[in-house]
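Those protein sequence lines, which keep their order, are chains A and B. For what it's worth, numbering that gives the first Met the number 0 labels the leading residue of the first sequence as 0, then goes sequentially. For what it's worth, numbering that gives the first Met the number 0 labels the leading residue of the second sequence as 0, then goes sequentially. Glycine included, C-beta positions come from ideal geometry on N, C-alpha and C. Predicted model only: the values in this text are computed from it and were never measured.
2 protein chains.
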Amino acid sequence: MSKQLVVLDTPADQVCCPPIAEAALDAAQATDLARMFKALGDPIRLRLLSRITSAPEGEICVCDLTGDDFDVTGPTISHHLKTLREAGLIEGERRGTWVYYRPVVENLRQLAALLAI
Amino acid sequence: MSKQLVVLDTPADQVCCPPIAEAALDAAQATDLARMFKALGDPIRLRLLSRITSAPEGEICVCDLTGDDFDVTGPTISHHLKTLREAGLIEGERRGTWVYYRPVVENLRQLAALLAI
DNA sequence: CTCCTGTCTAGATGACTATCTAATCAGCCG
DNA sequence: CGGCTGATTAGATAGTCATCTAGACAGGAG
Numbered sequence: 000m001s002k003q004l005v006v007l008d009t010p011a012d013q014v015c016c017p018p019i020a021e022a023a024l025d026a027a028q029a030t031d032l033a034r035m036f037k038a039l040g041d042p043i044r045l046r047l048l049s050r051i052t053s054a055p056e057g058e059i060c061v062c063d064l065t066g067d068d069f070d071v072t073g074p075t076i077s078h079h080l081k082t083l084r085e086a087g088l089i090e091g092e093r094r095g096t097w098v099y100y101r102p103v104v105e106n107l108r109q110l111a112a113l114l115a116i
Numbered sequence: 000m001s002k003q004l005v006v007l008d009t010p011a012d013q014v015c016c017p018p019i020a021e022a023a024l025d026a027a028q029a030t031d032l033a034r035m036f037k038a039l040g041d042p043i044r045l046r047l048l049s050r051i052t053s054a055p056e057g058e059i060c061v062c063d064l065t066g067d068d069f070d071v072t073g074p075t076i077s078h079h080l081k082t083l084r085e086a087g088l089i090e091g092e093r094r095g096t097w098v099y100y101r102p103v104v105e106n107l108r109q110l111a112a113l114l115a116i
């Protein structure tokens, strides 16, 4: 089995929807959107996302995320990054030795718009 | 043990924070905020919140949420409402026979602001 | 008071998740 | 190639969660 390490998987693209206060979500929309919110529902992932979105260059090296700031092991960080990636909130790219992550802005904006009251 | 059914519990008041893209969240802020996002991370809760926030009167009777739209039992709906309530996203009040829920607007707005990019 | 309806709590169960250690893959350097 | 570092995957385990059924509580009607 030749499973490759594919960092750039393209997931959950373009979900939808007006603000939740305007029209009731249907089940299918809710399922997609809940996947994204669920990914935000962990303190470590939220901090990772914050570090990624606030990176000055628009992206950040994983090597800058595995420092002592988060007191979990490297594989755990990697697991959380994968969760954020599969939710469509970030995307990653390997360049030589290092892997860089950046936010998927339109999906983050969509979540923000959804909560606008 | 005289545990009363208190629908109006006051939880998680006023958490904080500039947009995640402006400054990295610290661990304490992330914990509070993740609790709210986690509550949004379930399709049924997201739909419930949508129904509540989009209710024409600004609130909605639980009896209007336990219909056939959601194919889970009444207690499960009740459980999800409790989760949303304890996360500080909605608040409820009994008036006679019925219980009404309404959104906690400032907390929803806070989440939206947090995701602004 | 007694019955009925609406809503919630309690307890059980199966599924999922966060975390770890160990192992693997990718790329660089000598 | 052989070894080194960065990052991910695999597999195990303990804890959490969504859901159900059964039972309890609140309030109104007879």
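Asked, Found
"Identify, in the order they occur along the chain, each residue of the same chain with its Cβ nearer than 6 Å to the Cβ of A:A86, setting aside the five sequence neighbours on each side.", "R34, M35 and A38"
"Look up B:V71 in the DSSP assignment and say whether it is helix, strand or coil.", "coil"
"Here's the rule: buried if 16 or more other CB atoms are within 10 angstroms of the residue's CB, otherwise exposed. What is A:I51?", "buried"
"Using a beta-carbon distance below 8 Å, is A:L83 in contact with chain B?", "no"
"Any idea if B:H78 is buried or exposed, counting beta-carbon neighbours within 10 angstroms, 16 or more meaning buried?", "exposed"
"Within this structure, are the beta carbons of A:A23 and B:S53 separated by less than 8 Å?", "yes"
"Pull out every residue of the stretch 24–37 of chain B whose Cβ sits closer than 7 Å to any Cβ of chain A, in chain order.", "L24, A26, A29, T30, L32, A33, F36 and K37"
"Touch check for the stretch 92–103 of chain A and the stretch 93–100 of chain B: three-plus C-beta pairs under 8 Å?", "no"
"For the stretch 47–65 of chain A, enumerate the residues whose C-beta is nearer than 8 Å to any C-beta of chain B, in chain order.", "L48, S49, R50, T52 and S53"
"Taking only runs that begin and end inside the stretch 20–99 of chain A, name each unbroken beta strand (DSSP E) of 3 or more residues, in chain order.", "89–94"
"Counting only C-beta atoms, is B:R108 closer than 8 Å to chain A at any point?", "yes"
"Could you tell me whether the Cβ atoms of A:T75 and B:P42 are closer together than 8 Å?", "no"
"Just curious, the alpha helix (DSSP H) that A:A112 is in, first and last residue?", "V104 to L114"
"Under 8 Å between beta-carbons, which chain B residues line up against A:I116? List them in chain order, please.", "T52, P102, V104, L107, R108 and A111"
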